[in-house]
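J.: Protein chains in written order, with the numbering used here: chain A, 1 to 151; chain B, 1001 to 1151.
No residue lacks a Cβ here, since even glycine has one placed at the ideal position from N, Cα and C.
As the structure is a computational prediction, the values presented were derived from the model and not from experiment.
Let me give you the structure first, and then I'll get to my questions.
Number of protein chains: 2
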Amino acid sequence: MRGVIGEVEEKLRSNEYKMTPKREYVLRVLLENKDKHLSAEEVYNLVKIKAPDVGLATVYRTLELFSSFDIIHSMDFGDGRKRYEFGVDNGDGHRHHHLICVQCGKIIEMNEDLLEDLEERVNRTYNFTISDHELKIFGRCSECMPKNKKE
Amino acid sequence: MRGVIGEVEEKLRSNEYKMTPKREYVLRVLLENKDKHLSAEEVYNLVKIKAPDVGLATVYRTLELFSSFDIIHSMDFGDGRKRYEFGVDNGDGHRHHHLICVQCGKIIEMNEDLLEDLEERVNRTYNFTISDHELKIFGRCSECMPKNKKE
DNA sequence: CTAGATGCAAATCGTTTGCACCAAT
DNA sequence: ATTGGTGCAAACGATTTGCATCTAG
Chain A
1 MRGVIGEVEE KLRSNEYKMT PKREYVLRVL LENKDKHLSA EEVYNLVKIK APDVGLATVY
61 RTLELFSSFD IIHSMDFGDG RKRYEFGVDN GDGHRHHHLI CVQCGKIIEM NEDLLEDLEE
121 RVNRTYNFTI SDHELKIFGR CSECMPKNKK E
Chain B
1001 MRGVIGEVEE KLRSNEYKMT PKREYVLRVL LENKDKHLSA EEVYNLVKIK APDVGLATVY
1061 RTLELFSSFD IIHSMDFGDG RKRYEFGVDN GDGHRHHHLI CVQCGKIIEM NEDLLEDLEE
1121 RVNRTYNFTI SDHELKIFGR CSECMPKNKK E
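This is how it looks when you write it as structure tokens:
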């Protein structure tokens, strides 16, 4: 994990940006919560535990900075605020799909890529060069949809 | 097209809501712009041409009302505002996928459903009961991606 | 020293809400 | 009359920005 921070630092440095302590805290929070999808305010609150003097604006600016370098990825699940995740760009586009439970709000991440043939088809049919995609699937998770309950 | 308005009126009426002139203008604007994805403010501006005394709040309230009856569908393309389209719910979930050109901002609509087998798989693998899904594909449209230009 | 980084508060922007008034049953 | 519909302005919540200060190279 330490390596990741170094990589990010290098990425910033090579573009005249600094890896400051505050920025490192933001990054750590994102790294330690890879599975979650934190909002700016949630990141802010977690960073404040370690750096109580941090400002919300700094968190926003840092998230924006990281986003612009594709270090993290922002998304929205329709709740009016952006959410961030440490983004694994594997080179040929982002591959994170989310199952969003409309009942309990849980978000399940599906990391497998299931859209390859679809991309092919879109490319050909619409002459559209895909760089990324985002798939949100709404429904009910297993806990919210008991076997014996229909809807 | 006149029939659609009647249908909507009926849908509202059967739930104790009225199809008022203002609401009809909002609906008409959406109908006349099926291919576009208008924001609340854009709808407002178009409605104002016919009904200059309309208020923005009414437009928001009407859009919310129509959404709650699945007459229209709201979505967001990451530009910080909700966008609305006259929604064709074919009964087994919504099927609108969008190709979003990251260069010119054009939004191409794909109405075919390409995700049926994916849904099957998700249902089985994650025990997740799908009610809807939303797929956004980012990239460059044919006009913004000349054959001889690589990226 | 100089430019970027930061905190704070004010500003912004899309959207929502409270309230008084209007319209239709 | 009663209930829902509407305009206006104020309220809101997430995000951004202006500015003075701080800090690292």
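Check for me: the alpha helix (DSSP H) holding K50(A) runs from which residue to which?
T.: A40 to K50
J.: Run through the DSSP bridge pairs and tell me what R1083(B) is partnered with.
T.: R1083(B) has S1039(B) and M1075(B) as its beta-bridge partners, per DSSP.
J.: When Cβ atoms are compared, which residues of the segment 1121-1135 of chain B fall closer than 9 Å to chain A?
T.: Within the segment 1121-1135 of chain B, contact with chain A at the beta-carbon level (separation under 9 Å) is assigned to R1121, V1122, N1123, T1125, Y1126, N1127, F1128, T1129, I1130, S1131, D1132, H1133, E1134 and L1135.
J.: Determine whether the Cβ of S1142(B) lies closer than 7 Å to any Cβ atom of chain A.
T.: yes
J.: For G1105(B) and chain A, any beta-carbon pair shorter than 7 Å?
T.: It does not; no Cβ of chain A falls within 7 Å.
J.: Could you tell me how far apart the beta carbons of V1026(B) and V1059(B) are, in whole angstroms, since I believe they sit closer than 8 Å?
T.: 6 Å
J.: Straight-line CA distance for L135(A) to Y44(A)?
T.: 27 Å
J.: Along chain B, in chain order, which residues have C-beta atoms closer than 7 Å to that of I71(A)?
T.: Those within 7 Å of I71(A) in chain B number zero; the least Cβ separation is about 18 Å.
J.: Nearest to S67(A) by alpha carbon, out of L56(A), A40(A) and F77(A)?
T.: Relative to the Cα of S67(A), the nearest Cα in the group L56(A), A40(A) and F77(A) belongs to A40(A).
J.: What's the call for I1049(B), buried or exposed, on a 16-neighbour Cβ count within 10 Å?
T.: Looking at its Cβ environment, which holds fewer than 16 other Cβ atoms inside 10 Å, I1049(B) is exposed.
J.: My output table needs one value for F152(A): the three-state DSSP class, helix, strand or coil.
T.: Outside the displayed span of chain A (1 to 151) sits residue 152(A), for which this structure offers no information.
J.: Return the chain-ordered list of same chain residues with a C-beta closer than 6 Å to the C-beta of S1074(B), the five sequence neighbours on each side being excluded.
T.: S1067, K1082 and Y1084
J.: Determine the extent of the alpha helix (DSSP H) in which D1117(B) is found, giving its start and end residues.
T.: E1116 to Y1126
J.: Can you give me the start and stop residues for the beta strand (DSSP E) that K136(A) sits inside?
T.: T129 to R140 is the span of the beta strand (DSSP E), which, as asked, contains K136(A).
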